[in-house]
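K.L.:
This is the structure I have questions about; it appears just below.
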Amino acid sequence: MSKVTISAPGKLMLFGEHAVVYGYPCIVTAVNRYITIEVEKTKADYDILQTPGVSDKSFVRSAIELFRKKFKTEGSISLTSQSELGNYGLGSSAAVTVATIEALSRLYEVKLVPVELFKLCYQVILSVQGKASGFDVAAAIYGRTLYFDGQNKKSTLLYPKSLPIITIFSGKKGETVKMINKVEELRSKFPDRITGIFEKIRHLVEQARLALNESNWSSLGKLMNSNHQLLVELGVSNSSLNRLVMETNKAGAFGAKLSGAGGGDCVIVLYPQDKKEAIIEAIEKTGKEIINLKTGAKGIRPHPRIT
Ligand code: MEV
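Plus 793 on top of the position in the sequence shown (first one is 1) and you've got my numbering.
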């Protein structure tokens, strides 16, 4: 095959961040913003990597390295990326890893079923990041809204449509590794307290799964608020994330929470249709940016893209 082009979506964590790193379940949704990777073989003695919009190149480099080691492929490649994910913490590391490995597997005609693709990409993320659950890899591969079991890494499809969610960028990039390490430190100092919080998160995720299946938005919103409070207790929120959660609730949201590792990135807001305008106004008053996206997007696919 001469040239391969693959797109993989970003994600938003809906429930269960941090606890999922310790084997608890979470709920994640893929978003309709993608990273596209194009690869072809080149006669050059070295790889030509052009990755604008990918802030950490280590994921692409490690993905290529692992693929070569595992499948003993020879020759250099030319790889180009194009990203719609921006710097909002929408899972660009996982999306770029998934798209790179899938593109290489097609270029070298190595058949990878989704579970094998997951394993390889998760290995890449762990090698770069140290600690991670793999939920974002699952979202990039399978798309849609998923219940992800942090223990056995299995994904189950949940709500099939886009959710009534507004996504707000807090203005600051999140700090995934720093926040994961912070929680790890707390957990080693206060194991019972942190396990207690994780257990509460587990309960919340199970309730959210039911609420999603029933499209029970008012119950789902309350669960989002409770999840946010537990993340505050874990020490990963900050004043601008808390303010966005508070202001959007005041304006009539069903609920809101930070999404992802914390320390920055995004707040997600579940809204009743008749309160959408008021909520948007409240957000505008905070001066923060609304990111235009849809949840429940399709997973990895070759071009041409069909949305
Ligand atoms: C980061 O978006 C979510 C965390 O749970 C890390 C992970 O699950 O890999 C903090």
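Idealized CB from N, CA, C, for every residue including glycine.
Everything numeric in this text was worked out from a predicted model, so none of it was measured.
Sort His811, Lys862, Ile1073, Glu909 by Cα distance to Val976 and report the nearest one.
P.N.:
The option with the nearest alpha carbon to Val976 is His811.
K.L.:
Taking only runs of the beta strand (DSSP E) that begin and end inside the segment 1004–1051, which ones reach a length of at least 3 residues, in chain order?
P.N.:
DSSP runs (the beta strand (DSSP E)) wholly in the segment 1004–1051: none.
K.L.:
Ignore the nearest five residues each way along the sequence and tell me which others in Thr1041's own chain have a CB closer than 7 Å to its CB.
P.N.:
Result list for Thr1041: Ala1049, Val1062, Ile1072, Ala1075, Ile1076, in chain order.
K.L.:
Please specify which runs of the alpha helix (DSSP H), each continuous and at least 4 residues long, are wholly inside the segment 863–940, giving them in chain order.
P.N.:
Counting whole runs of 4 or more residues, the segment 863–940 contains the alpha helix (DSSP H) stretches 885–900, 907–922, 928–935.
K.L.:
Is Gly879 a contact residue of the ligand MEV, with contact defined as CB to any heavy atom under 7 Å?
P.N.:
Gly879 Cβ: outside cutoff for every heavy atom of the ligand MEV.
K.L.:
Inspect the beta-carbon positions of Lys862 and Ile961 and report whether they are closer than 8 Å.
P.N.:
Cβ distance not < 8 Å, so Lys862 and Ile961 don't count as in contact.
K.L.:
Going by C-alpha distance, which of Gly1045, Cys1059, Ile1083, Gly1057 is nearest Lys1069?
P.N.:
For Lys1069, the nearest C-alpha among the options comes from Gly1045.
K.L.:
Look at the alpha carbon of Ile934 and the alpha carbon of Gly803, and state the distance between them as a whole number of angstroms.
P.N.:
Approximately 10 Å between the Cα atoms of the pair.
K.L.:
Is His996 buried or exposed, if buried means 16 or more other CB atoms sit within 10 Å of its CB?
P.N.:
Exposed is the call here.
K.L.:
Run the proximity test for His1021: is its beta-carbon closer than 7 Å to any non-hydrogen atom belonging to the ligand MEV?
P.N.:
No.
K.L.:
Identify whether Thr844 lies in helix, strand or coil by the three-state DSSP scheme.
P.N.:
Three-state DSSP puts Thr844 in coil, outside helix and strand.
K.L.:
Opposite Tyr827 in the DSSP bridges: which residues?
P.N.:
Looking at the DSSP assignment, Tyr827 forms a beta bridge with Pro802.
K.L.:
Just to confirm, does Ala925 get its C-beta within under 7 Å of one of the non-hydrogen atoms of the ligand MEV?
P.N.:
For the ligand MEV, at least one heavy atom lies less than 7 Å from the Cβ of Ala925.
K.L.:
Just to confirm my understanding: we take Ala1054, look at its own chain, exclude 5 residues before and 5 after, and list those with CB closer than 6 Å. What are they?
P.N.:
Closer than 6 Å at the Cβ level, and outside the excluded window around Ala1054, lie Gly967, Thr969, Met972.
K.L.:
When the distance is taken between beta carbons, is Gly879 closer than 8 Å to Ala1090?
P.N.:
No.
K.L.:
For Leu950, report the span of its beta strand (DSSP E) as first-last.
P.N.:
Per DSSP, Leu950 belongs to the beta strand (DSSP E) from 948–950.
K.L.:
Rounded to a whole number of angstroms, what is the C-alpha to C-alpha distance between Val797 and Thr873?
P.N.:
Roughly 11 Å separates the two Cα atoms.
K.L.:
Is the segment 877–894 close to the segment 824–843, with three or more CB pairs under 8 Å?
P.N.:
The answer is yes - the segment 824–843 touches the segment 877–894, with three or more Cβ pairs under 8 Å.
K.L.:
Quick check on this structure: which residue in Pro818, Val998, Val930, Ala837 has the alpha carbon closest to the alpha carbon of Ala856?
P.N.:
Considering only alpha carbons, the answer is Val930.
K.L.:
If I'm right that Tyr815 touches Gly943 with Cβ under 8 Å, what's the distance once you round it to whole angstroms?
P.N.:
That pair is a contact at about 7 Å.
K.L.:
Under the rule that 16 or more other beta-carbon atoms within 10 Å means buried, what is Leu805, buried or exposed?
P.N.:
Looking at its Cβ environment, which holds 16 or more other Cβ atoms inside 10 Å, Leu805 is buried.
K.L.:
Taking contact to mean 3 or more Cβ pairs, one atom from each stretch, closer than 8 Å, check whether the segment 991–1006 and the segment 949–956 are in contact.
P.N.:
Touching, per the Cβ criterion.
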